[in-house]
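If you count the sequence shown from 1, position 236 lands on 1089 in our numbering, and the numbers rise without skipping.
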Amino acid sequence: MPEKVEVAQSTRRTFLGTAALTAASYQRVLGANDRIGVGFIGFGLIGKQHVADFKRFNDVDIVGVCDTYKPRVDEAIQYIGNPNTKGYADFRRMYENKDIQGVVVATPDHWHALLTIMACAAGKDVYVEKPMTVFIDEGKWMVQAARKHQRIVVVGTQRRHGKGVAAAKKVAESGVLGKIHSVRMAAFRNIYPGFGKTPVSDPPPGFDYDMWLGPAPKRPYQAHRGIYHFRWFWDYSGGQMTNLGAHIIDQVLWVMNVKGPSLVMSTGGRFALEDDGETPDLQDASWVFPGFTLNCAIREANASRGDPGQVYLGTKGTMTMAGGYTVASEMKGDPVNDIPPFQGHPIGGPVYSDTKRTPWIEASSGGVQSDPRYGTGGEDTMAMNERDWLDSMRTRKRPLCEVEDGHRVATACNLANMSLRLGRSIRWDPEKEQVIGDKEAAAACVRPYRAPWDAVLRSIVKV
Ligand SMILES: NC(=O)c1ccc[n+]([C@@H]2O[C@H](COP(=O)([O-])OP(=O)(O)OC[C@H]3O[C@@H](n4cnc5c(N)ncnc54)[C@H](O)[C@@H]3O)[C@@H](O)[C@H]2O)c1
């Protein structure tokens, strides 16, 4: 049983007072001893992990499980092993179940927003997987629905949890690194030549492809437009920028305490892989945040750098963070001695001094590596995030990875992908959440939903 999460957030407060809840928006207020009824949507790679985790929480009843692929509903029912768990082919039927207080959304990304919005309207709290959205306005609608229906909505960027990240955040905030002016991150792996090409075919028996597509455009079925491989198609996802980038950028925004960038530029494309995916297999992106820049390098066909963690570059020291952290000092000296000597300056040039170089700060390290599922040992941050959601459902206090946090992270990722696809940099107002001076980029912040889902969306939120 995972331990109860301590959230060391000084700003944490009761932000959804139970007194404010209306009967229409909330089925019942959970008491300390009430069991929480949970329903799962999407029993895939990560949905099964969530089910495994929630089976270990002894204050939870797994009331329902829903998937568009019938064999997975059957497998889930068997795996859960609870005769009271109901299987569903259509999430709308599951949302009618009054025994469910919260739903875990672990579908492909293109469903995250609408499933969350509809769950909020149905009076359910939500744990929604990252990346929260595939285009920027979806995040605004999700925040709107969560606030209107006073729901607890947690996003699955679990790496924000954990003592390592909390300790690194304290180091960054202490000022010991001097002025942190830039942050670098990278995600390298080698899956060359890729996953192959899949022809247009009939969906497998029991797979409701139309429901799987949901609000996304209608396209002929091919196996890669489905289970797991949806990640590499623009209709359903944003490639590695949103897949891995969401986790890393979430940590940067958290550690650096910023809302959003003012300028974003990205280049890249699908240069090396020989399969039918669309999203980039290499991408470089830069964001300008207040007081610092963030650089990201993604490679799918070269693993030479691995995932070196995030590197926070300050005037007095450098912090590398990958769960735990290490701090190395910069050297303090007379700037004039950094000019290459060659033959020495002719008369009138700068004069070298004999000042010795000394470290600005002491080297240090600390924290705990996070998440055993990523092979780094240490803390189970996913279980911590799940537990935080359940605790927030009872207390109505702000969880650590809240819907607005997920929206900001997804916005940064989506802006990078917009820049890459438009072939130019994008200026952004993080307060107004608007593109500045670029009509085409502004239009890319929203995409149409396919009928009937467009009407469903508009019946719940202001679009
Ligand atoms: N937090 C993490 O560390 C982490 C790790 C991996 C994946 N993820 C995220 O989890 C999500 C799912 O990824 P995955 O690898 O499990 O995908 P997957 O394809 O293995 O599973 C998704 C499942 O959702 C089902 N589904 C799709 N639309 C549905 C609908 N409308 N109703 C019910 N079921 C529906 C599919 O049939 C499939 O079984 C993605 O958004 C991914 O980014 C998060």
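C-beta atoms are modelled at their ideal positions from N, C-alpha and C, and glycine is treated no differently. All values reported here derive from a predicted model rather than from experimental measurement.
- Message: Let me confirm a value: T921 is counted as buried when at least 16 other C-beta atoms fall within 10 Å, else exposed. Which label applies?
- Response: buried
- Item | Selected residue, minimal CA-CA separation from G1121, among G992, D1207 and L1275 | L1275
- Cβ-Cβ distance between V1221 and G890 below 8 Å: no
- Query: Can N1267 be considered in contact with ligand 1, in the sense that its beta carbon sits closer than 7 Å to one or more heavy atoms?
  - Reply: no
- Per DSSP, what kind of secondary structure is P1305 in: helix, strand or coil? coil
- Message: If you measure between the beta carbons of D906 and E1239, is that distance less than 8 Å?
- Response: yes
- Item | 7 Å CB neighbourhood of D1061 in its chain, flanking five on each side removed | T921 and A942
- First through last residue of the beta strand (DSSP E) which encompasses G1149: Checking the sequence shown, residue 1149 turns out to be Cys, not Gly. Segment F1145 to R1152, the beta strand (DSSP E) holding C1149.
- Report the three-state DSSP secondary structure of Q1075 (helix, strand or coil). strand
- Query: What do you reckon, is the C-beta of Q1011 under 7 Å from a heavy atom of ligand 1?
  - Reply: yes
- Under a Cβ-count criterion, where at least 16 other Cβ atoms within 10 Å of its own Cβ denotes burial, should P1068 be classed as buried or exposed? buried
- With 16 other Cβ atoms within 10 Å as the buried cut-off, status of P1046: exposed
- Classification of H1198 by the beta-carbon crowding that lies within 10 angstroms, buried from 16 upward: exposed
- Is there at least one non-hydrogen atom of ligand 1 closer than 7 Å to the beta-carbon of E982? yes
- Output the distance between the C-alpha atoms of R888 and E1026, rounded to the nearest integer angstrom. 39 Å
- Contiguous beta strand (DSSP E) assignments of at least 3 residues, all confined to the region 907-968: 913-919, 939-941 and 955-958
- Task: Assign A1308 to one of two classes, buried (16 or more other C-beta atoms within 10 Å of its C-beta) or exposed (fewer than that).
- Result: exposed
- Query: Taking three-plus beta-carbon pairs below 8 Å as touching, is the region 994-1011 in contact with the region 1155-1166?
  - Reply: no
- Query: Sorry if obvious, but does the Cβ on W1306 come closer than 7 Å to a heavy atom of ligand 1?
  - Reply: no
- Have a look at P1057 and G892 and give me their C-alpha separation to the nearest angstrom. 25 Å
- Tell me, to the nearest whole angstrom, how far the beta carbon of D1128 is from that of F1048; I am working on the premise that it is less than 8 Å. 5 Å
- Tell me, which residues are paired with S1119 by DSSP? A1138
- Message: Using a 10 Å radius around the Cβ and a threshold of 16 neighbouring Cβ atoms, would you call R1301 buried or exposed?
- Response: The residue asked about is misnamed: residue 1301 is Pro in this sequence, not Arg. Counting Cβ neighbours within 10 Å, P1301 comes out exposed, since fewer than 16 surround it.
- Touch test, the region 1005-1015 against the region 1235-1249, Cβ-Cβ under 8 Å, three pairs minimum: yes
- Residue burial classification, M985 (beta-carbon count within 10 angstroms, cutoff 16): buried
- Query: When every heavy atom of ligand 1 is checked, does at least one fall within less than 7 Å of the C-beta of L898?
  - Reply: yes
- If you follow the alpha helix (DSSP H) that A1099 is part of, which residue opens it and which one closes it? G1098 to M1109
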